[in-house]
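This report refers to the structure that appears directly beneath it.
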Amino acid sequence: MNTTERSQGRSPLPELLELLESPIYGFRPFGQIIRVEDFVADGRYVLRAELPGVDPDKDLEVTVGHGILHIRAEKSKEAKDTKEPRRSEIAYGAFSRSVTLPPTADAEDVTAVYRDGVLEITVGLEPENKTAGRRILVRH
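To convert a position in the sequence shown, counted from 1, into the numbering used here, add 306.
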């Protein structure tokens, strides 16, 4: 007997938004991009984000929901800087980034640490077989 598997029914929208936010396209309709790298290590999904000059106590927010990790930050010019710079390549203002988590991510097991201008978020991963489909016995 052949079996048919269905995807988990996730919307393709998060992946599309993630693609549009990527530096390749350079398109950011709502502010500056947060540069990230992600990988899996020791059974955890790890995401590192460059956020230099951000005060994590008041200018940084990390949320998770519906399989998506959201990072929002704001970097303001210091009030004491009254001189207009001749050149400014430093980005100020609001930053945001949304990243689709792996299907086995455990949204209840998330930690975040900000150190030396880098935010590191780790998310626990459920075992693959826990989220896999299973055969149901049909009684008659």
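Built from N, CA and C at the ideal position, the CB exists for glycine as well.
The structure displayed is predicted, hence computed values, not measured ones.
Collapsing the DSSP output to three states places E395 in coil. Spanning the alpha carbons of L425 and I442 requires a straight line of approximately 43 Å. The C-beta distance from V405 to L366 rounds to 15 Å, too long to fall under 8 Å, and the pair is not in contact.
Distance from S402 to I377 at the Cβ level is roughly 7 Å; contact confirmed, criterion being Cβ atoms closer than 8 Å.
The residue among Y351, R341, V342 with its C-alpha nearest the C-alpha of L407 is Y351. Distance between G373 and R445, taken at the CA atoms: about 35 Å. Nearest to K381 by C-alpha distance, out of G423, P409, G349, is G423. The three-state secondary structure of E390, taken from DSSP, is coil. Taking the C-beta atoms as reference points, A418 is found nearer than 8 Å to V368.
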